[in-house]
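To keep things clear, I will list the structure first and then write my remarks on it.
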């Protein structure tokens, strides 16, 4: 495998920031005018691709973030029943809720308002986006592949019957 130049090593490091080859090429010192094509070409080189893959694997190991963990978290969000976490009458978190259940809660707002009878407490619990999680899980499973036939033009013929003879 060919040796990677210092500039190409910088490109690899910069690419890991946002996975944008054009911006990585610019930050690595290539001309902005040609950065798009240079970034594209660099990503096709086996030694560059191998270095990026190696760095991504190291980062995944270091952070503990990998495809399985992300998919498990999406599954939690997609399939959690809010009634298992929240008392829907009081908007309080149930004592039986696990740490995994609690991770699905995106935010909690509590508003206390003085009233003539004491204090009114209003709670709002926002859960992570279930539909988005289901969509991402479905995409992972290949359920939503584009179907070219579904976008084919369809001829519709409308016949009006005005009630006359013939």
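In the numbering used here, the protein residues as written are 905 to 1070.
In this text, a Cβ means the ideal position worked out from N, Cα and C, and glycines have one as well.
From a predicted model like this one, the values you see are computed outputs, not experimental measurements.
Shown here, residue 1047 sits in coil according to DSSP, grouped into three states, outside any helix or strand. The beta strand (DSSP E) runs of length 3 or more contained entirely in the region 964-1024 are, from start to end of the chain, 1009-1019.
Around the Cβ of residue 982, a 10 Å sphere holds 16 or more other Cβ atoms; the residue is buried. Residue range 939-948 is occupied by the alpha helix (DSSP H) that includes residue 940. Put simply, of 1010, 928 and 959 the residue whose alpha carbon is nearest the alpha carbon of residue 1032 is 1010. Under the DSSP assignment, residue 920 falls in the alpha helix (DSSP H) whose first and last residues are 910-922. Selection 978, 930, 917 and 987 evaluated against residue 956 yields 917 as nearest (Cα-Cα). When the five nearest sequence neighbours on each side are left out, the beta carbons in the same chain lying within less than 7 Å of the beta carbon of residue 947 are those of 925 and 953, in order along the chain. Rounded to whole angstroms, residue 960 and residue 972 show a C-alpha spacing of 15 Å.
Residue 933 is positioned such that its CB atom lies closer than 8 Å to that of residue 911.
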